[in-house]
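Report on the following structure.
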Amino acid sequence: MKPRRLFAIVLKELRQLRRDKLTFAMIVGIPIMQLLLFGYAINMDVRHLSAAVLDQARTAQSRAVITALAHTDVFDFNYRLRTPQDVDALLRAGEISAALVIPPDFERRLIETNTNTGDRAPLQIVVDGSDQVVQQAVRQLAAVPLDALLGSGNAAHRANVEIVNFYNPGRRAPVNTVPGLIGVILTMTMVMFTAMAIVRERERGNLEFLIATPVSPTELTLGKVLPFVGIGLIQVTLVLLLGLAIFSVPIRGSLFDVYAASLVFIIASLALGVFLSTLAKSQFQAMQLAFFTFLPQILLSGFIFPFAGMPQAAQWLAEIFPMTHFMRLIRGILLRGATLADLWPALAALGAFIVVMLGIAIARTRKRLD
Amino acid sequence: MPPSATRHSDPLVHTGKGDANAIVARGLTRRFGALTAVDGIDLTVARAQVYGFLGPNGSGKSTTIRMLCGLLLPSAGQIEVLGYRIPEQAEALKRRIGYMTQKFSLYEDLTVAENLEFVAAVHDVERARARRRIDALCATYWLQDLRGQLAGTLSGGQKQRLALAAAVLHEPELLLLDEPTSAVDPQSRRDFWEALFALVDAGTTILVSTHYMDEAERCHRLAILEHGRLVADGTPRELEHALPGTVLLIDCANPRAAQTALAAVPGIAAMAQIGASLRVLGTDAADPREAIRARLGAVGIDARIETVQPNLEDVFVSVTRERQGHAST
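Residue numbers (the numbering used here), protein chains in the order written: chain A, 129 to 498; chain B, 86 to 414.
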């Protein structure tokens, strides 16, 4: 690999891009359009949310409540915790969407509530408010009176579960949508543009000239893909700024983590684009293939439909997609203030995806016409 | 020598510097599925010459050129180009050849200068030398005033000059040109050939494919390809002298009527009307002159028959007809 040849290809690519007004307009136009279109809520019903229990009362009645809530199928209580700090850590890492907290004086609060002598809620459910659908589901659940849940007749009580909404106290939909939108926009533009850019070289006959020169396939691919890394980061910036300006979407984690996660995701999308380019014979086919991978990603990644609500098979399939992992990363960092270290499994999954895709693409690339 | 040791001009790998021949190929064959595009071609191209491939579309010219520069793998046969074994040492060869594709393959959305700068960089032409070369080439190929123009807006002749400039920018020893003049007007074609001979004078070997007879005439040597086979090769003069049959020119009032009348006369391989006369190519057996005179007399056509020098077109028609004769028996 020669830096000068690589640089020459990058420069050529940038010059071509500058003259390609339509692509240029799409780079800026797609983020803005999508941001405005998707800036409004999408709601869905949820089941089997991963959840934790912090039972500080440890009485027969508290266990009955846990069993009753487990039977609603809204929660899967995967964790039994001992300290409130554990709740925080699991939520932040994205391991759980909600935590049921039963205070030590649960029984007394329950009596106070039933006799209207106190206003402290006997139960607390801590919710990951960065997921719109999750908080919705928990709200519905909380509206069910505790006695009905326990099946003890007297159902004429007011709601006695207190919901503590972490991360999105205002329950504003754009706060949830905009971070995910970064993933949607990057997937749409990065995969399609790279696949098309590489196939274009072949379709227009430039490749026949190029492969008769000392240029290596690695230089060519890298040179064509590098400008898109920059473009992807510009798009991330654009969405973050617009999200902040229009919808007041917060950036709770570190900005470095946001860009690091985006960069890894951009590379994963580019790797997918490079792989698709080895399958496509024309730019049109490249576009079709890009779209073919785009739809399942947008539907199964958790951007539109809640991940926890999908059938098991769909969840397994979704684990393959880079966008699924990026959704976890970007929502975690932007909304929950999580760090990359908290979210390392998603990062590792993206890394594995990059290695596999590029591996296949390189194995399929030969410097010949046959 | 293992195929992996191909990146640099290792003297052990690259032994061809002093060879008299730029290209040697034996039994070169390429199949695409059931189709045999190139069928057992033997080829020897001497250095500092223009070697032509003459043949109709689909005769295997492009496929052969692509195999010679390592872009396609041969199905069978041996190739040695500039002393490199192909396809094993194709990467090392690519630094020493220039390849001009049939279709314009530079970037239409880059300017003339940007294209040349890009080509210089991918060929590792050192910056200062690249600047000198680009200036010199722009002057030689009348691109000076077009440097800032997008390649897509150039005329056919201008594009072709740009493509040639790009192919010779790194001063290759061997230039492979695949139908370089197919989309160019006659004056541009003449200029282009002037440029080719200037390169040959400087020691470059040129392999050029064409389907124009006048261009084939200009080659030092040429090979005639048909259906993937090499049906004749030699200098244009050799090929013309080796033509087995006689060539007759029949001057008469109505050449078309004469052609119809002569259709069934034995000993005639082919006929073609050339303006007011009829050019008749005899088969390799006897002189068909008497049979022709008798037939024309019988139908009452008054004609003057003379023997003429065979030209390359006669050779081409003759060898390609022979092959068709083979196929039908």
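Using N, Cα and C, we set each Cβ at its ideal position, and we do this for glycine too.
What did DSSP end up calling residue i once you bin it into helix, strand or coil?
i, result
"Thr405(B)", "helix"
"Phe435(A)", "helix"
"Arg116(B)", "strand"
"Asp286(B)", "helix"
"Leu462(A)", "helix"
"Phe138(B)", "strand"
"Ile224(A)", "coil"
"Asn244(A)", "coil"
"Tyr184(B)", "strand"
"Gly487(A)", "helix"
"Gly479(A)", "helix"
"Ile390(B)", "strand"
"Val353(A)", "helix"
"Arg494(A)", "coil"
"Ile339(A)", "coil"
"Ile377(B)", "helix"
"Ile379(A)", "coil"
"Ser344(A)", "coil"
Pull up the DSSP beta-bridge partners for residue i, would you.
i, result
"Asn106(B)", "Ala131(B)"
"Met356(B)", "Val365(B)"
"Tyr169(B)", "Val166(B)"
"Thr196(B)", "Leu235(B)"
"Glu311(B)", "Arg314(B)"
"Leu292(B)", "Tyr136(B) and Leu261(B)"
"Thr121(B)", "Arg116(B)"
"Ala161(B)", "Thr114(B)"
"Tyr207(A)", "Ala180(A)"
"Val229(A)", "Leu182(A) and Gln252(A)"
"Arg303(B)", "BP columns for Arg303(B) are empty, so no partner."
"Gly319(B)", "Leu307(B)"
"Ile362(A)", "Paired residue(s): none; Ile362(A) is not in a bridge."
"Ile310(A)", "DSSP, once it has assigned bridges, lists no residue as partnering Ile310(A)."
"Ile126(B)", "Leu113(B)"
May I ask which residues mark the beginning and end of the beta strand (DSSP E) holding residue i?
i, result
"Arg217(B)", "Careful: Arg217(B) lies outside any beta strand (DSSP E), inside the alpha helix (DSSP H) at Arg212 to Thr225."
"Leu333(B)", "Val332 to Cys337"
"Ser178(A)", "Leu177 to Asp183"
"Asn396(B)", "Here Asn396(B) belongs to no beta strand (DSSP E), and DSSP marks it neither H nor E."
In the DSSP assignment, find the alpha helix (DSSP H) that holds residue i and state where it starts and stops.
i, result
"Val138(A)", "Pro131 to Arg147"
"Val420(B)", "The shown model of chain B, from 86 to 414, leaves out residue 420(B), and the question about it has no answer."
"Ile511(A)", "The question about residue 511(A) has no answer, for chain A in this structure spans 129 to 498."
"Met152(B)", "Lys146 to Leu153"
"Leu340(B)", "In the sequence under discussion, the amino acid at residue 340(B) is Pro, which differs from the Leu named in the question. Start and end: Pro340 to Ala346."
"Ala192(A)", "Ala188 to His199"
"Thr322(A)", "Met320 to Glu331"
"Glu176(B)", "Ala175 to Leu178"
"Gln440(A)", "Gln440 to Ile448"
Chain A partners of residue i, CB-CB under 8 Å?
i, result
"Arg180(B)", "Pro342"
Which residues in chain A sit within 7 Å of residue i, going by Cβ to Cβ distance?
i, result
"Ser190(B)", "Gly333, Asn334, Glu336 and Phe337"
"Thr186(B)", "Gly333, Glu336 and Phe337"
"Glu199(B)", "Arg143"
What does residue i reach in chain B if we use C-beta pairs closer than 8 Å?
i, result
"Pro497(A)", "Correcting the residue identity first, residue 497(A) is Leu in this sequence and not Pro. Here the neighbours are Arg151, Leu156 and Leu157."
"Gln411(A)", "Under the 8 Å cutoff, chain B gives no residues; its nearest Cβ is about 14 Å from Gln411(A)."
"Lys140(A)", "Tyr192, Leu195, Glu199 and Phe203"
"Lys130(A)", "Asp209"
"Arg492(A)", "Here the premise fails: no neighbours, minimum Cβ distance about 16 Å."
"Arg133(A)", "Ala206, Val207 and Asp209"
So with CB distances below 9 Å, who are the chain B contacts of residue i?
i, result
"Ala217(A)", "By Cβ distance, chain B contributes nothing, its closest Cβ being about 52 Å from Ala217(A), past 9 Å."
"Arg147(A)", "Asp194, Leu195 and Leu235"
Chain B partners of residue i, CB-CB under 7 Å?
i, result
"Ala136(A)", "Phe203, Ala206 and Val207"
"Arg208(A)", "Within 7 Å Cβ-Cβ: nothing; Arg208(A) doesn't reach chain B, min ~60 Å."
"Arg380(A)", "Neighbours of Arg380(A) on chain B: none; closest Cβ ~43 Å, over 7 Å."
Q: Could you say if the segment 479 to 488 of chain A and the segment 233 to 245 of chain A meet the contact criterion of at least three C-beta pairs nearer than 8 Å?
A: Contact fails: fewer than three Cβ-Cβ distances are below 8 Å.
Q. Contact between the segment 301 to 318 of chain A and the segment 329 to 346 of chain A: three or more CB pairs below 8 Å?
A. The answer is no - the segment 329 to 346 of chain A does not touch the segment 301 to 318 of chain A, with fewer than three Cβ pairs under 8 Å.
Q: Flag this pair as touching only if the segment 105 to 118 of chain B and the segment 126 to 134 of chain B have three or more C-beta atom pairs under 8 Å; answer yes or no.
A: Judged by pairs of C-beta atoms under 8 Å, the segment 105 to 118 of chain B touches the segment 126 to 134 of chain B, as three or more such pairs exist.
Q) For the segment 380 to 395 of chain A against the segment 353 to 361 of chain A, are there 3 or more C-beta pairs whose distance is under 8 Å? A) Here the segment 380 to 395 of chain A lies against the segment 353 to 361 of chain A, with 3 or more beta-carbon pairs under 8 Å apart.
Q: Decide if the segment 246 to 260 of chain B is in contact with the segment 184 to 196 of chain B; the criterion is three or more beta carbon pairs, one per stretch, under 8 Å apart.
A: The segment 246 to 260 of chain B is in contact with the segment 184 to 196 of chain B.
Q | Stretch pair the segment 147 to 161 of chain B + the segment 231 to 244 of chain B: three plus CB contacts closer than 8 Å | A | No, the segment 147 to 161 of chain B does not touch the segment 231 to 244 of chain B.
**Q.** Contact the segment 273 to 280 of chain B vs the segment 112 to 122 of chain B: 3+ CB pairs below 8 Å
**A.** Result no; under three Cβ-Cβ pairs closer than 8 Å.
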